[in-house]
Amino acid sequence: MSENVESSRAPKPVGAFPHAKRVGDFLFLSGIGPRKRGSKEIPGVTLDPGGNIVTYDIETQCRAVFENVRLVLEDAGASWDDIVDVTVFLTSMKKDFPTYNKSYAQYFSGEGKPNPTRTTIEVGALPTPIAIELKVIAVLK
């Protein structure tokens with residue numbers, strides 16, 4: 047059996063899917079981006095009038111994504127320390143990987159941090175004008 051999880055604090059999903067799904071002791075998060083709930087604002091992104099990215103700051107987007115993941119985890123009864131696997135989607139591996147990798151290490155690696163397995167993939171685009179999205183699996187205690 048599975049149970050959908052909806053966060054009241056993270057940005058609403060951009061499609062017909064839940065923030066997460068609880069299956070047994072596992073929590074599977076849908077793709078989480080850096081958007082802000084109840085706003086069209088995307089931290090670290092400047093858009094032109096047509097909604098196209100003019101400039102973006104990958105470090106700001108990383109921090110916003112990590113915060114949104116934390117909110118979904120907490121609203122599902124989990125914590126940052128419960129993360130066991132992360133899949134990261136970047137729109138520019140060459141440009142953004144060094145900064146993203148440094149930000150990631152601050153949140154995920156080192157003493158007292160979850161240090162999950164990780165896969166990083168470059169994609170041509172994401173559903174909204176963002177440069178990063180995370181897909182996370184956690185184990186509930």
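When we follow our numbering, the leftmost residue of the sequence shown carries the number 47, and every step to the right adds one. For each residue, glycine too, the CB sits at the ideal point set by N, CA and C. Every value quoted in this text rests on a predicted model; they were computed, and no experiment measured them.
By the criterion of a C-beta distance shorter than 8 Å, leucine 117 is surrounded in its chain by Ser53, Arg55, Ala56, once the five residues flanking it on both sides are discounted. Residue environment: glutamate 179 is assigned as buried (16 or more neighbouring CB atoms within 10 Å of its CB, all protein chains considered). Going by DSSP, valine 115 is part of the alpha helix (DSSP H) stretching over 104 to 121. With a threshold of 16 other beta carbon atoms within 10 Å, alanine 122 meets it and is buried. Residue state for asparagine 50 is assigned as strand, using DSSP reduced to three classes. By a beta-carbon distance limit of 8 Å, alanine 184 contacts isoleucine 129. Their separation comes to about 5 Å.
A check of alpha carbon separations from proline 160 across Phe112, Ser138, Arg83, Leu172 identifies Phe112 as the nearest. Look at lysine 159 here: in three-state DSSP terms it is coil, with no helix or strand label. Secondary structure in the stretch 49 to 97: no alpha helix (DSSP H) run of 4 residues or longer lies completely within the stretch. When DSSP states are grouped into helix, strand and coil, threonine 101 belongs to the strand group.
Each of Lys67, Pro162, Gln107, Arg109 was checked against the Cα of serine 76, and the nearest Cα belongs to Lys67. Looking only at Thr101, Arg81, Thr166, Gly84, the smallest Cα-Cα distance to phenylalanine 143 is reached by Thr166. In this structure, DSSP gives lysine 148 a helical state, which the three-state scheme calls helix.
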